[in-house]
């Protein structure tokens, strides 16, 4: 440390879920952004005891009205001067509409001030994974209506399929999906996270993200970053990825003279895919992620041995033992970011974007 | 960075208010502890748009039942394995009783396991300041009932008066107040924050904290740390102080062989006041605080000039102008911790405890 935060003063509105224990949603996103110097306003859409992957939890959701009221509270005290907004999991269509309204409101304010680059919305369209929808059906059309107002979206492969209506089975269909997102919605920046297609130049046991910043004619400028898969199950990685993209995108744009003043921070057409701020940001984010996940996985192995022993010793029987093991596993898999802050600031690993 | 967190793996339950924008309650406490490597479970007792010093806010309180439910949620998933607990502002007597029950429950669990030092409760009895009570009258007796179960309390001068029933007007009465807290409640560790009594050996424009760890016979072992006052009005300093005390107390105890296994981390009678882990912790905490507050105050001056100009230019009149200026001032006074993380890890200033 000592060399200061990587971004200038940056005020971010982060809207996502809050868990008392563990690291998903705003619980990981807010800390990630604060650690890198952002002043984060954290609007929590739920307060749950723990994330739903444990299969049991307590707590309450925040209503659409409460979300709107909290935003009005910020407005009336001149606290709505946000440079960026990150929205993650929002429970239900009505609450999502309320969040979308906030983003559109902030966008309109920037337009009125004739400062088009002064507000940037990163939208993580949390709907499902691996073919399973884990939000209500009526949430999908709400996201489709909101994408056009966002500056950067971060769908996983399944969510990209839902939004683009293109089934992704290989590299050509992935390209078509990105094209559809740019052309149909006019969304300037897209990163599709955790693409698991096999490809001749991609080693097995690896994953990739594929990103693109559109040109003025809404053409794709796509890059790919391949990174080794880690043989552990984690929660909250998408939320951490999104939060770090907020910071690193801001940093990369700040380091490109004039870009921060352009609407949606859209690079000129002459800029190559591999030179995009989006690509530079994703490279750094993946390096930090890979280090934190590797360290979490190492600690997890030790914890799981202990958990196994505890369950074997315990008084539970049959299903009770299985349930306890699942709960202890879920806990052992919580991201260990607070123990490895240096991986955020200055990761030692490097990943490089390649042409897609 | 790079030299790792100052504490071993530490799981803290933090119970306090949450504000969307700004830095009071859990919003500053959770980040402070996470930045120093603690795994913090954040149980938010309210979600307000901003702190009440702005004189207007929106949001909702969490009920006593919801607080209890969230804790039950942690328990049922083996997530109640806390090393420490920090409780701050809790809205109302019923909610405070629910929080007190959680602490007593965790204390009882540690006792049943015959590991008396394995749980440590830091209780910040948030009731008022400078002669003004800002909680309901019925909250005071609840705190009086809970103090006996806490390990460390951090009242300000006014709160120390309420709890000890000793009016603090000079050094002898301050000593009597601490004596009363140790003897009546058996509270092992006390730090009275922001003592503003004048004293021959204390320069004007300075403040002090006075702390004491009792002996086995409940005698006081008091120390004082004098530090320069900063001519700025801040919010959230008490919450940041409490959070940092959690971490630095854990660190100081960890560096004292055998102490972590003793009930309430109570040093042996032979340990001098100035050698107490409580004194070592408070020295480090005040150094960090002083740096962050100094930097916040510097940035505030610049922001206030801008705010003044904005208000003069604005369309508001009379009371409207005053209100706007107050709101902009409140915002400018928010702690700038996220921009100065190095002041947490490794402050360059040093303060030393002296005999009281």
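Chains as they are written, first to last, in the numbering used here: chain A, 1 to 356; chain B, 357 to 712. Positions of the beta carbon are idealized from the N, C-alpha and C atoms, including for glycine.
A Cβ-Cβ separation of about 6 angstroms places residue 91(A) in contact with residue 46(A) under the 8 angstroms criterion. Where residue 85(A) is concerned, there is no enclosing alpha helix (DSSP H), although the beta strand (DSSP E) around it starts and stops at 84 to 87. Taking 9 angstroms as the upper bound on Cβ-Cβ separation, chain A lies near no residue of the segment 486 to 511 of chain B.
Using a Cβ-Cβ distance cut-off of 8 angstroms, the segment 315 to 331 of chain A and the segment 279 to 299 of chain A are not in contact, since fewer than three pairs of beta carbons, one from each stretch, lie closer than that value. Annotated three-state conformation of residue 403(B) is strand, per DSSP. For residue 348(A), the number of other beta carbons within 10 angstroms of its own is below 16, and it is reported as exposed. At a cut-off of 4 residues, the continuous stretches assigned as alpha helix (DSSP H) that sit fully inside the segment 71 to 143 of chain A are 93 to 112. Beta-bridge analysis with DSSP links residue 224(A) to 210(A) and 354(A). Between residue 29(A) and residue 14(A), the C-beta gap is smaller than 8 angstroms, which places the two residues in contact. Nearest neighbour of residue 638(B) by Cα position, chosen from 511(B), 528(B), 499(B) and 566(B), turns out to be 566(B).
Between residue 353(A) and the set 276(A), 295(A), 309(A) and 301(A), the nearest pair of CA atoms involves 276(A).
Between residue 361(B) and chain A, the shortest Cβ-Cβ separation is below 8 angstroms. Look at residue 687(B): its C-beta is under 8 angstroms from a C-beta on chain A.
Cβ contact annotation for residue 61(A) (same chain, cutoff 8 angstroms, sequence separation greater than five): 45, 46, 91, 92 and 95, in chain order. Per DSSP, residue 553(B) is not a residue of any beta strand (DSSP E), being assigned neither H nor E.
About 20 angstroms separates the beta carbon of residue 593(B) from that of residue 683(B), a gap too long to meet the 8 angstroms contact definition.
Only those residues of the segment 36 to 60 of chain A whose C-beta falls short of 7 angstroms from the nearest C-beta of chain B are listed: 37, 38, 39, 41, 42, 43, 44, 47, 49, 50, 54, 56, 57, 58, 59 and 60. Within chain A, 49 and 58 have C-beta atoms less than 9 angstroms from the C-beta of residue 428(B), given in sequence order. Not a single CB atom of chain B sits nearer than 8 angstroms to the CB of residue 233(A).
Using a Cβ-Cβ cut-off of 8 angstroms, residue 452(B) does not count as an interface residue toward chain A, since no Cβ of chain A sits closer than that to its own. Within the same chain, and ignoring the five residues on either side of residue 177(A) in sequence, the residues whose Cβ sits closer than 6 angstroms to its Cβ are 160, 164, 166 and 168. Residues of the segment 689 to 711 of chain B with a C-beta less than 7 angstroms from any C-beta of chain A: 694, 695, 697, 698 and 701, listed in chain order. Take residue 99(A), set aside five residues on each side of it, and the residues of its chain with a beta-carbon closer than 6 angstroms to its own are 15, 87 and 90, in chain order. Boundaries of the alpha helix (DSSP H) harbouring residue 250(A): 237 to 254, taken from the DSSP string. Neighbours of residue 434(B) in chain A, taken as residues at a C-beta separation under 8 angstroms, are given in chain order as 324, 327, 328 and 331.
Counting only runs of 4 or more residues that sit fully inside the segment 633 to 670 of chain B, the alpha helix (DSSP H) segments are 633 to 669, in chain order. For residue 614(B), no beta strand (DSSP E) encloses it, and the DSSP letter there is neither H nor E. Neighbours of residue 20(A) across chain B, judged by C-beta separation under 7 angstroms: 397, 398, 399, 426 and 430. For residue 61(A), the three-state secondary structure derived from DSSP is strand.
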